[in-house]
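Q:
Numbering (the UniProt record's numbering), first residue to last: 1 to 829.
1. Taking the alpha carbon of residue 394 as the reference point, which residue from 363, 145, 650 and 260 has its own alpha carbon closest?
2. What are the partner residues of residue 650, as DSSP defines its beta bridges?
3. Using the three-state DSSP reduction, which class does residue 184 fall into: helix, strand or coil?
4. What's the C-alpha gap between residue 799 and residue 792?
5. Taking 9 Å as the threshold (C-beta atoms), are residue 186 and residue 285 in contact?
6. Should residue 336 be labelled buried (16 or more other beta-carbon atoms within 10 Å of its own) or exposed?
7. Alpha carbons only, please: which of 85, 65, 31 and 30 is nearest the one belonging to residue 54?
8. Exposed or buried, which one is residue 400 when buried takes at least 16 other CB atoms within 10 Å?
9. Cutting at 7 Å between CB atoms, please list the residues of its own chain near residue 376, excluding the five before and the five after it.
10. If I'm right that residue 593 touches residue 554 with Cβ under 8 Å, what's the distance once you round it to whole angstroms?
11. For residue 432 and residue 358, I'd like the C-alpha separation in whole angstroms.
12. In angstroms, rounded to a whole number, what distance separates the CA positions of residue 421 and residue 365?
13. Any idea what DSSP makes of residue 179, helix, strand or coil?
14. Contact between the segment 255-270 and the segment 110-122 is defined here as three or more beta-carbon pairs at a separation below 8 Å; is this criterion met?
15. Three-state secondary structure (DSSP) at residue 669?
16. Between 418, 408, 390 and 475, which has its C-alpha nearest residue 434's C-alpha?
17. For the candidate residues 120, 87, 123 and 30, whose alpha-carbon lies nearest to that of residue 106?
18. In three-state DSSP terms, what is residue 305?
19. Measure how close the beta-carbons of residue 579 and residue 544 come, nearest whole angstrom, since I'm counting them as under 8 Å.
20. For residue 688 and residue 744, what's the separation of their Cα atoms in angstroms?
21. Can the beta-carbon of residue 158 be found closer than 9 Å to that of residue 63?
22. Pull up the CB-CB distance for residue 547 and residue 586, whole angstroms please, since I reckon it's below 8 Å.
23. Between residue 673 and residue 598, which are expected to be in contact by the criterion C-beta below 8 Å, what is the C-beta distance as a whole number of angstroms?
24. Could you pull the DSSP bridge partners for residue 587 from this structure?
25. Smallest Cα separation from residue 272: which of 72, 188 and 36?
26. Alpha carbon to alpha carbon, what distance is there between residue 188 and residue 303?
27. What are the boundary residues of the beta strand (DSSP E) that residue 425 is part of?
28. With a threshold of 16 other CB atoms inside 10 Å of the CB of residue 681, please say whether the residue is buried or exposed.
29. Just tell me which of 779, 729 and 771 has its CA closest to the CA of residue 762.
30. Can you tell me which of the three DSSP states residue 626 falls into?
31. Just to confirm, is the Cβ distance from residue 802 to residue 785 under 9 Å?
32. From what residue to what residue does the alpha helix (DSSP H) around residue 392 run?
33. Could you please give the first and the last residue of the uninterrupted beta strand (DSSP E) stretch that includes residue 216?
34. DSSP three-state label for residue 20, please.
35. Can you tell me the Cα-Cα spacing of residue 297 and residue 173, whole angstroms?
36. Can you tell me whether residue 192 is helix, strand or coil according to DSSP?
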């Protein structure tokens, strides 16, 4: 069968255009049947009638329809063949244009004609479909239109002509229809013309002209009529010599697919509109058929040339398209002329590659690549050269302007005639280069992230070492002295500093804002003495003496975030003790009034080796490897000084460094303070805070943690209830009606996240906070309806801050509200 991919596409196209193509084909074949009924031959009428059915013009419908059109359309062609054949035969016999042979009746003649023409049409169409793939697979590889038309034409001439000659022999031998040579000549011309018409109809069906094309060809049709009159005047109305010559000339001025339907229409108009009064010999018809067949061969050659040209254009377009993927081409460079010659793949590429001359090309490159290319092209090297160069899309290289990246491979040779000649290839690797750069950046970011993660873990060890070491020392002193009255307040102070540090470190790690300052009153002299006492043991072990420089007037009460100030000064004192390399440390305090505002100024100064000038840039930057450990590169994460600066700025203050006159380092911390008016100069003991008029439900399965947390909550809230499971909380929530729910996230059976979701679903609109040892799962918990997450051990400062944000009221107002009934009932469920 026909080659399926191409044939199926053609059939689909013809099926869509069937309503247009079929009526035109039927009209054309009907016109041929009409022309065939007008006898202009010297043959006897019965002989002409017999020859006109070898084959009948209606057979063209079978040959075209069963060769090219899809199966569902073929019955239409078969029925049309039957109707046209029967009706035209009836009409011509009725009008006297045809005459039946003497020995045959109408039914016998019509049946024999139908049988012969049906076998002729069906048989040759099937044979064409079998032979066409063989021709298509041949060495010339013609396109479908050429192979199909040529196969049909060859089969009709090669097999159809012998069939009609055999039928002519039967007519003359058994029906007594005149001479065999005249009958054979007339039948052969009829078969040849049928082959030509079928070939033209196939091409027309594949390339139907538009109505606009036909209308524009009206002047040419008029010329056909005039040339037909010329043929008639010269006695060539049957041979149509000038008509054929004019038809051939049309092939040179327009595409063959357009010239062919115009030719068919012109010849039909000639035969219909120009009467033929002469009677012609069969040989005249054979001459016209032969000329017509020669023109068909010419058309097939032109059609094949058109197909080859189209195939070349398509292949070229595919090459252009493939260039987008390969981005490959070659060039030739002559050093003597400093000129490039490039193949079309490079020259016609959408992106500009090399310019025609070397200077223009070098101007479009960065200096480094321009120098590299100039060296390759100006020197002879026996081995191949390779380079990767960047070339700007514009006329000169500009930083930030679009450019392409090419991989160049070249070889050079010396010629006595042309000098140094370089031949090379260019491959566009811009996309690969961009992907490589993006990959390197991704790897760099991953490395930075990995380093950051490592340093964040190191931060925990770095910042927690001091309070842990202090607790260990205090514990050792406790074992030695058993003096809890003296050491107990120090334990409490260090533990408070430890918890404050945990909160602030969590904020730094999560890149969130620090908690707002928690202000309380203090005495500057007491704070300095306390810090000196805390670090004195460590300093004595390092061989460093600590001196305090302050004044009695600084015993007045001041207000700020004492915990943060202790953390700032503690970091600076610890660094000086561990890393300064000196033997004397001075801690001083004074007060200033810039712009009329009270400001406390602490100075930490040592006589060690100081900080080298090379390490000063970025001293307070996070993860600064050069200044980690501040005074040495021995240890540290690079976050110690960053946290000092961060905490100071959070208090609206600042920290600065300068070389000490003692030869070491001098750090100065300035923090705004507020004075407590009328406060007596006595030791300040923080009053027990008032209770908030709120009830709290705590869900915690760990008994020890629940006991400690309850103790904290009872000091600040009116009622505190405790349950151990989420199921108990769901059952008791309506009867307890708590204002605040604190739930452990990792509860047995139902976890805290599920509990939060169910509480919100049941309509509970109070505050809900999760409790977790690692502050993980906050996003999931918030999605379930919680207000936030708090870390264990519970920080009351954090809890009160979160409640203040949720209620939208200052904390003092909540405290005032809660202090109305400080002896409120405390119940535990």
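Glycine included, every Cβ here is placed at the ideal spot set by N, Cα and C.
A: Result, derived from the coordinates:
1. Position 394 of the chain shown holds residue 394. With distances taken between Cα atoms, residue 394 lies closest to 363.
2. Here residue 650 is taken as the residue at index 650 of the chain shown, counted from 1. Bridge partners of residue 650: none, in fact.
3. Along the chain shown, one-based indexing puts residue 184 at 184. If DSSP states are grouped into helix, strand and coil, residue 184 belongs with the helices.
4. As a working note, residue 799 is residue 799 in the chain shown. As a working note, residue 792 is residue 792 in the chain shown. When rounded, the distance between both Cα atoms is 11 Å.
5. The residue labelled residue 285 in the question sits at position 285 within the chain shown. The residue labelled residue 186 in the question sits at position 186 within the chain shown. Yes, they are a contact pair.
6. Your numbering for residue 336 matches position 336 in the chain shown. With fewer than 16 Cβ atoms within 10 Å of its Cβ, residue 336 is classed as exposed.
7. Stepping through the chain shown from its first residue, residue 54 is reached at position 54. Nearest option by C-alpha distance: 85.
8. Reading the chain shown from its first residue, position 400 is the one you call residue 400. Burial call: exposed.
9. As a position in the chain shown, residue 376 is number 376, starting the count at 1. Result list for residue 376: 385, 387 and 410, in chain order.
10. Here residue 593 refers to the residue found at position 593 of the chain shown. Here residue 554 refers to the residue found at position 554 of the chain shown. Incorrect: roughly 14 Å between the Cβ atoms, too far for contact.
11. The sequence position of residue 432 within the chain shown is 432, counting from 1. The sequence position of residue 358 within the chain shown is 358, counting from 1. Cα to Cα, the separation comes out at about 26 Å.
12. Locating residue 421 in the chain shown gives position 421, counting from the first residue. Locating residue 365 in the chain shown gives position 365, counting from the first residue. Cα-Cα distance, rounded: 22 Å.
13. Stepping through the chain shown from its first residue, residue 179 is reached at position 179. Assigned with DSSP and collapsed to three states, residue 179 falls in coil, not helix or strand.
14. Result no; under three Cβ-Cβ pairs closer than 8 Å.
15. Taking the first residue of the chain shown as position 1, residue 669 is located at position 669. Secondary structure of residue 669 (DSSP, three-state): strand.
16. On the chain shown, residue 434 is found 434 positions in, with the first residue counted as 1. Cα-wise, what sits closest to residue 434 is 390.
17. Indexing the chain shown from 1 puts residue 106 at position 106. Of the candidates 120, 87, 123 and 30, the one whose C-alpha sits nearest the C-alpha of residue 106 is 87.
18. Within the chain shown, residue 305 is the residue found at index 305, counting from 1. In this structure, residue 305 counts as helix in the three-state DSSP scheme.
19. Translated into positions along the chain shown, residue 579 becomes position 579. Translated into positions along the chain shown, residue 544 becomes position 544. At roughly 11 Å, the Cβ-Cβ gap does not stay under 8 Å, so residue 579 and residue 544 are not in contact.
20. Position 688 of the chain shown, counting from 1, holds the residue named residue 688. Position 744 of the chain shown, counting from 1, holds the residue named residue 744. Residue confidence is low: residue 688 scores 41 on pLDDT, short of 50, so the model does not pin down where it sits. Its coordinate-derived value is still stated next. Spanning the two alpha carbons is a distance of roughly 27 Å.
21. Taking the first residue of the chain shown as position 1, residue 158 is located at position 158. Taking the first residue of the chain shown as position 1, residue 63 is located at position 63. Contact flag unset, no.
22. Working through the chain shown from its first residue, we reach residue 547 at position 547. Working through the chain shown from its first residue, we reach residue 586 at position 586. Yes, residue 547 and residue 586 are in contact; Cβ-Cβ is about 5 Å, under 8 Å.
23. As a position in the chain shown, residue 673 is number 673, starting the count at 1. As a position in the chain shown, residue 598 is number 598, starting the count at 1. Right, the Cβ-Cβ distance comes to about 5 Å (below 8 Å), so this counts as a contact.
24. On the chain shown, residue 587 is found 587 positions in, with the first residue counted as 1. Per DSSP, 548 and 604.
25. Counting from 1 along the chain shown, the entry for residue 272 is found at position 272. Answer by Cα proximity: 36.
26. In the chain shown, counting from the first residue as 1, residue 303 sits at position 303. In the chain shown, counting from the first residue as 1, residue 188 sits at position 188. Going by the C-alpha atoms only, they are around 26 Å apart.
27. The sequence position of residue 425 within the chain shown is 425, counting from 1. Here the beta strand (DSSP E) through residue 425 covers 419-428.
28. As a first step, residue 681 is located in the chain shown; it is residue number 681 there, counting from the start. At residue 681 the pLDDT is 34, less than 50, meaning the model places this residue with poor confidence; the figure from the coordinates comes in the next sentence. Under this definition residue 681 is an exposed residue.
29. Position 762 of the chain shown, counted from the first residue, corresponds to residue 762. Minimum Cα distance to residue 762 is reached at 729.
30. Against the chain shown, residue 626 aligns to sequence position 626. Its pLDDT being 49, under 50, residue 626 is placed unreliably in this model, and the coordinates cannot settle the point.
31. Here the question's residue 802 lines up with position 802 in the chain shown. Here the question's residue 785 lines up with position 785 in the chain shown. No, these two residues do not count as a Cβ contact at 9 Å.
32. Numbered from 1 along the chain shown, position 392 holds the residue referred to as residue 392. Looking at the DSSP string, residue 392 is not in any alpha helix (DSSP H); the run it does join, the beta strand (DSSP E), is 385-392.
33. On the chain shown, position 216 is the one that residue 216 refers to. Counting along the chain, residue 216 falls outside any beta strand (DSSP E), though it belongs to the alpha helix (DSSP H) covering 211-216.
34. As a working mapping, residue 20 is identified with position 20 in the chain shown. Looking at residue 20 - three-state DSSP - the assignment turns out to be helix.
35. Start at 1 with the first residue of the chain shown, and residue 297 comes out as number 297. Start at 1 with the first residue of the chain shown, and residue 173 comes out as number 173. Answer to the nearest angstrom: the Cα atoms are 34 Å apart.
36. Numbered from 1 along the chain shown, position 192 holds the residue referred to as residue 192. If DSSP states are grouped into helix, strand and coil, residue 192 belongs with the helices.
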